[in-house]
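Participant: For the numbering used here, count along the sequence shown from 1 and bump the result up by 20. Glycine included, every Cβ here is placed at the ideal spot set by N, Cα and C.
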Amino acid sequence: MDPILKESLVKIHGLLMTFVWLFVVPLGIAFNIYGRKMQKSWGVKAHMVTMMIAGFVPFSIAAITGLTASGSIKLKPHSATGTILVILTWIQMIMGAVNHGVFRYRKKNNNIPATRPWNNHVHIWLGRVLLLVANINIVLGMRMKQLDLSIYIIHGIWLFFLACLFLYLFCMKPVQTVTVSCEKPIDTID
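(1) Quick one: what's got a C-beta closer than 8 Å to residue 142's C-beta in the same chain, skipping five residues either side?
(2) Grouping DSSP H, G and I as helix and E and B as strand, with all else coil, what is residue 92?
(3) State the DSSP-derived secondary structure class of residue 97, mapped to helix, strand or coil.
(4) Let me confirm a value: residue 85 is counted as buried when at least 16 other C-beta atoms fall within 10 Å, else exposed. Which label applies?
(5) Apart from the five residues on each side of it in sequence, which residues of its chain come closer than 6 Å, Cβ to Cβ, to residue 101?
(6) Count the other CB atoms within 10 Å of the CB of residue 58; is the residue buried (16 or more) or exposed (fewer)?
(7) Within this structure, are the beta carbons of residue 147 and residue 196 separated by less than 8 Å?
(8) Just list the alpha helix (DSSP H) runs in the segment 52 to 95, keeping only unbroken ones of 4 residues or longer that don't cross its boundaries, in chain order.
(9) Counting Cβ pairs, one atom from each stretch, are 3 or more of them under 8 Å apart for the segment 26 to 40 and the segment 84 to 99?
(10) What is the C-beta distance between residue 105 and residue 183, in whole angstroms, given that I count them as a contact (C-beta under 8 Å)?
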């Protein structure tokens, strides 16, 4: 492969993966957490749209450019971790679509469970693990490209900001819905 083309593919791969894992995925997760805490129906919808449009397309392009640039799957830390991440992320996306389909079916049949189902827990925890491992893999990629120390510092500051944001969202008190009845209590009827 032409070295200039390979270098261009590597840059596209790195920029797209950075965009997906440092901006799109955290934004999609934040939409979902905030929407649930505030009991807004748009939270889950914004999560799905963000992940499908802004996440899936650039992620898939980045995965293809990374594999094309490397020529094969290599057993080096960044390549091996990246390959596992790509496979598990595509599984995660399929799992999200299946979870949504199951939810819609249960809602249609008026059979929504009182607690979150196990498949939602798997989707949530796999997503958390993928986000963590992806950010480790970003650092491995930056190390391979021998990027300047300032890039590592910016990455660290951004991760600190995201950690603070997620901590805030997790600790946020959920909005309580209040049911108002128009009927008078029995003991107050004249």
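Facilitator: Taking the coordinates as given:
(1) Counted from its first residue, the sequence shown places residue 142 at position 122. Around residue 142: 115.
(2) Working through the sequence shown from its first residue, we reach residue 92 at position 72. Reduced to three states, the DSSP call for residue 92 is coil.
(3) Translated into the one-based positions of the sequence shown, residue 97 becomes position 77. Three-state result, residue 97: helix.
(4) Here the question's residue 85 lines up with position 65 in the sequence shown. By the 10 Å Cβ count, residue 85 comes out buried.
(5) Counting from 1 along the sequence shown, the entry for residue 101 is found at position 81. Taken in chain order, the residues that qualify are 157.
(6) Against the sequence shown, residue 58 aligns to sequence position 38. It is exposed - the Cβ of residue 58 has fewer than 16 other Cβ atoms within 10 Å.
(7) Reading the sequence shown from its first residue, position 127 is the one you call residue 147. Reading the sequence shown from its first residue, position 176 is the one you call residue 196. It is not a contact, given that the beta carbons lie outside the stated cut-off.
(8) 62 to 69, 77 to 90
(9) yes
(10) Residue numbering aside, residue 105 sits at position 85 when the sequence shown is read from its first letter. Residue numbering aside, residue 183 sits at position 163 when the sequence shown is read from its first letter. That pair is no contact at about 20 Å.
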